[in-house]
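Read the structure below first, then the notes.
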Amino acid sequence: MSNNDAYKKWQAEILEPALERFPERKDNYTTASGIPLPRAAVPPESEEYLQKLGFPGEQPYTRGVYPTMHRGRLWTMRQYAGYASAEESNQRYRYLLEQGQTGLSVAFDLPTQIGYDSDHPLAAGEVGRVGVPISSLPDMEALFRDIPLDKVSTSMTINAPAAILLAMYIAVAKKGGVDPKSLRGTIQNDILKEYVARGTYIFPPQPSMRLITDTFQYCQTEVPRWNTISISGYHIREAGSTAIQEVAFTLANGIAYVEAALNAGLNVDGFGRRLSFFFNAHNDFLEEIAKFRAARRLWASIMEQRFSASHPDALKLRFHTQTAGCTLTAQQPHNNVVRVALQALAAVLGGTQSLHTNSMDEALSLPTEEAVQVALRTQQILAEESGVANTIDPLGGSYLVESLTDEIESRAREYIAEIDRQGGALAAIENGYIQGEIQEAAYRQQLALETGDAHQVGVNIYAMEETIALDLLTVDPVQEKSQQERLARLRAERDGDRADKLQAKLKSTAEGDDNLMPLLIECVEAGLTLGEITDTLRGVWGEYRPPGWF
Numbered sequence: 289m290s291n292n293d294a295y296k297k298w299q300a301e302i303l304e305p306a307l308e309r310f311p312e313r314k315d316n317y318t319t320a321s322g323i324p325l326p327r328a329a330v331p332p333e334s335e336e337y338l339q340k341l342g343f344p345g346e347q348p349y350t351r352g353v354y355p356t357m358h359r360g361r362l363w364t365m366r367q368y369a370g371y372a373s374a375e376e377s378n379q380r381y382r383y384l385l386e387q388g389q390t391g392l393s394v395a396f397d398l399p400t401q402i403g404y405d406s407d408h409p410l411a412a413g414e415v416g417r418v419g420v421p422i423s424s425l426p427d428m429e430a431l432f433r434d435i436p437l438d439k440v441s442t443s444m445t446i447n448a449p450a451a452i453l454l455a456m457y458i459a460v461a462k463k464g465g466v467d468p469k470s471l472r473g474t475i476q477n478d479i480l481k482e483y484v485a486r487g488t489y490i491f492p493p494q495p496s497m498r499l500i501t502d503t504f505q506y507c508q509t510e511v512p513r514w515n516t517i518s519i520s521g522y523h524i525r526e527a528g529s530t531a532i533q534e535v536a537f538t539l540a541n542g543i544a545y546v547e548a549a550l551n552a553g554l555n556v557d558g559f560g561r562r563l564s565f566f567f568n569a570h571n572d573f574l575e576e577i578a579k580f581r582a583a584r585r586l587w588a589s590i591m592e593q594r595f596s597a598s599h600p601d602a603l604k605l606r607f608h609t610q611t612a613g614c615t616l617t618a619q620q621p622h623n624n625v626v627r628v629a630l631q632a633l634a635a636v637l638g639g640t641q642s643l644h645t646n647s648m649d650e651a652l653s654l655p656t657e658e659a660v661q662v663a664l665r666t667q668q669i670l671a672e673e674s675g676v677a678n679t680i681d682p683l684g685g686s687y688l689v690e691s692l693t694d695e696i697e698s699r700a701r702e703y704i705a706e707i708d709r710q711g712g713a714l715a716a717i718e719n720g721y722i723q724g725e726i727q728e729a730a731y732r733q734q735l736a737l738e739t740g741d742a743h744q745v746g747v748n749i750y751a752m753e754e755t756i757a758l759d760l761l762t763v764d765p766v767q768e769k770s771q772q773e774r775l776a777r778l779r780a781e782r783d784g785d786r787a788d789k790l791q792a793k794l795k796s797t798a799e800g801d802d803n804l805m806p807l808l809i810e811c812v813e814a815g816l817t818l819g820e821i822t823d824t825l826r827g828v829w830g831e832y833r834p835p836g837w838f
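Here's what the structure looks like:
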């Protein structure tokens, strides 16, 4: 079949049905000079070339997971936000929605991420500092007050206690009369990368994996539109990995989650459709675009060949992207606007499904409202003014991009094969292999900056004496006291007998193998706090300590 014939077949069998469901944003698209833009470029007349490249929305999904991609529907614009208190974070969310943001993204503070209530001694000084403190159902209600949960998609960056925070979100929806089956969004719920790169783990690997597969199983029937995991390469890259390692280690973790779900008796064509991914958009523009394409193609192959998935949606790697926080500089912070714009453009050209753009001041403080607005406007300018969303996969067929895509896929496969030889991702984490590879890559990058072999504008080239002229956001310490008082009122006013009975039931259920999600929802509805639930589970499962810790 010639490539022109293949294009016509794709148009008739894939594109036209998709257009009925997702009409294009406009009837036709042209360049600024009036040159008509094709929906998707036709590759050269080569069977091998075409087989690897394919067409958008068609296996192996190199060119995108949906037939119309951004020409039919723009990516979801999410600005990761949360600070100080649920009330202040709610104000920021509503401001961002008013400014044109199309999805919410919740940043939780450090105590919440590791399962401590805001009045725990270890939480002192950290409440509301790097995210919003959520210790109870009333906190979650305040966070989403006046936001229609059946109309907005919400992403929650939470891992070890993800099931508990999802239980709170479901409880808020139910209390507001919203059917959980209508909820859309994502919980990160990716514990393996916490052991590797980030550190906000609580429980040992086996019970942590149980919580993850419990959410897979529960949401498949009760919250079917919810993405139950966001398998994250972002933090792996922030820890210092290369683009190739980011793809390889992320997909190796994905393999481990699929295996765990299969071992729990779940069907790959069921839960596989709600798996999502989260990648970093870094500075090497063309390599980043190729990275996203390689990851899509590789995941489709893994799901089909290794796990016998057959449903097209179980083969598709759908992903969120965040621009690279580790590339932002405190020096000459306005330069960060340019870095973020280039990284965001790479994500769009790479076919992302949703995007967060970092703010210029994030190397100095939590982002101010003005800086967040500039970051959101960056996405909107790309969408509305640049023209890059007006044709499907505009760089598809570029000799360099396709060559880079092939090379990244090949090298990522070598890493995955090595991890397989070691017994899988969990074994490679426990023996320190993955961490060691990331640390070595990070060392090489830092050395290159210090020797001048790599350049960072405003830091090791074009540096200058300067006074930072930005207004920075600070968190009022009184917010911590207010949060603690709210917790005290909750404990005083709830039904103590019911809370005690549910804690006992939670302990016995954790000791068995029943799905924990229904009970977690019941617990938060009865006023049990995040810390109380987590402490009960800690009492059964213990806490994780990395090898070599005392």
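Everything in the sequence shown is counted per the working numbering, starting at 289 for the first residue and increasing by one.
Where is the CB? At the ideal position from N, CA and C, for every residue including glycine.
Model, not experiment: these values are computed from the prediction.
Exercise for the section: Compare the C-alpha of Gly560 against each of Ala548, Asn571, His570 and Ala569 and name the closest. Expected result: Ala548
Practice task
Would you list the residues sitting across from Ile517 in a DSSP beta bridge?
Solution key: Leu563
Problem - Nearest to Gln458 (by Cα), restricted to the options Thr817, His622, Val812 and Thr822 - result: In the sequence on display, residue 458 carries Ile and not Gln. When only C-alpha atoms are compared, the closest one is Val812.
Problem - Beta carbon of Phe565 nearer than 8 Å to that of Leu605 - result: yes
Practice task
Since I believe Gly419 is in contact with Gly370 (beta carbons under 8 Å), could you give me their beta-carbon distance rounded to a whole number of angstroms?
Solution key: 4 Å
Exercise for the section: Evaluate Glu672 with the Cβ neighbour count: other Cβ atoms within 10 Å of its Cβ, from every protein chain shown; 16 or more gives buried, anything less gives exposed. Expected result: exposed
Handout entry: Assigned secondary structure, Val636 (DSSP; H/G/I helix, E/B strand, else coil)
Key = helix
Handout entry: Residue environment, Lys481, which counts as buried when at least 16 other CB atoms sit within 10 Å
Key = buried
Problem - Val330 beta carbon less than 8 Å from that of Glu768 - result: no
Problem - Three-way DSSP call (helix, strand, coil) for Asn624 in this model - result: helix
Practice task
Enumerate in chain order the residues of its own chain whose CB-to-CB distance from Ala306 is below 8 Å, with the five nearest sequence positions on each side excluded.
Solution key: Gly345, Tyr354, Pro355, Thr356 and Gly360
Practice task
Alpha carbon to alpha carbon, how far is Ala569 from Gln734? Give it in angstroms, no decimals.
Solution key: 19 Å
Practice task
Please list the segments of the alpha helix (DSSP H) lying wholly inside the region 581 to 615, counting only runs of 4 or more residues, in order along the chain.
Solution key: 600 to 603
Exercise for the section: Going by CA-CA distance only, name the one from Arg627, Ile532, Ile577 and Gln593 that's closest to Val841. Expected result: In the structure displayed, the chain extends from 289 to 838; residue 841 sits before or after that span and is not available.
Handout entry: Cα-Cα separation, Gly473 to Trp514
Key = 5 Å
Exercise for the section: Would you tell me roughly how many angstroms separate the C-alpha atoms of Ala705 and Met591, rounded to the nearest one? Expected result: 15 Å
Problem - Straight-line Cα distance separating Ile669 from Leu825 - result: 47 Å
Handout entry: Cβ contact (3+ pairs, closer than 8 Å) linking the region 709 to 724 and the region 594 to 602
Key = no
Practice task
List in chain order: all unbroken alpha helix (DSSP H) runs of 4+ residues lying wholly within the region 738 to 786.
Solution key: 766 to 781
Practice task
Using 10 angstroms around the beta-carbon of Met648, count the other beta-carbons present and answer buried if the total reaches 16, otherwise exposed.
Solution key: buried
Practice task
Please say whether Ala320 and Gln343 have beta carbons closer to each other than 8 Å?
Solution key: What sits at residue 343 in the sequence shown is Phe, not Gln. Contact flag unset, no.
Exercise for the section: Taking only runs that begin and end inside the region 333 to 416, name each unbroken beta strand (DSSP E) of 3 or more residues, in chain order. Expected result: 364 to 369 and 391 to 395
Problem - Close Cβ partners of Pro682 (< 7 Å) along its chain, the five nearest in sequence each way excluded - result: Leu637 and Val676
Handout entry: Test item: CB-CB of Asn551 and Thr516 under 8 Å
Key = no
Problem - Straight-line Cα distance separating Ala651 from Leu499 - result: 34 Å
Exercise for the section: Please state if the CB of Glu810 and the CB of Phe491 are separated by a distance shorter than 8 Å. Expected result: no
Exercise for the section: Measure how close the beta-carbons of Glu375 and Ala430 come, nearest whole angstrom, since I'm counting them as under 8 Å. Expected result: 6 Å
Exercise for the section: May I ask you to list the residues that DSSP assigns as paired with Asn568? Expected result: Gln610
Exercise for the section: With DSSP as the reference, label Ser691 as helix, strand or coil. Expected result: helix
Problem - Closest by C-alpha distance to Ala634, when choosing among Thr666, Ala618 and Leu654 - result: Thr666
Handout entry: Three-way DSSP call (helix, strand, coil) for Ser496 in this model
Key = helix
Handout entry: Any 3 or more C-beta pairs closer than 8 Å across the region 295 to 311 and the region 534 to 546
Key = no
Handout entry: Segment limits, alpha helix (DSSP H) that includes Ile479
Key = No alpha helix (DSSP H) holds Ile479; DSSP gives it neither H nor E.
Exercise for the section: Measure the C-alpha to C-alpha separation of Ser589 and Asp694 and round it to an integer number of angstroms. Expected result: 14 Å
Exercise for the section: Please state if the CB of Gln631 and the CB of Val747 are separated by a distance shorter than 8 Å. Expected result: no
Handout entry: Alpha carbon of Leu728 to alpha carbon of Ile577, nearest angstrom
Key = Residue identity check: residue 728 is Glu in the sequence provided, not Leu. Spanning the two alpha carbons is a distance of roughly 24 Å.
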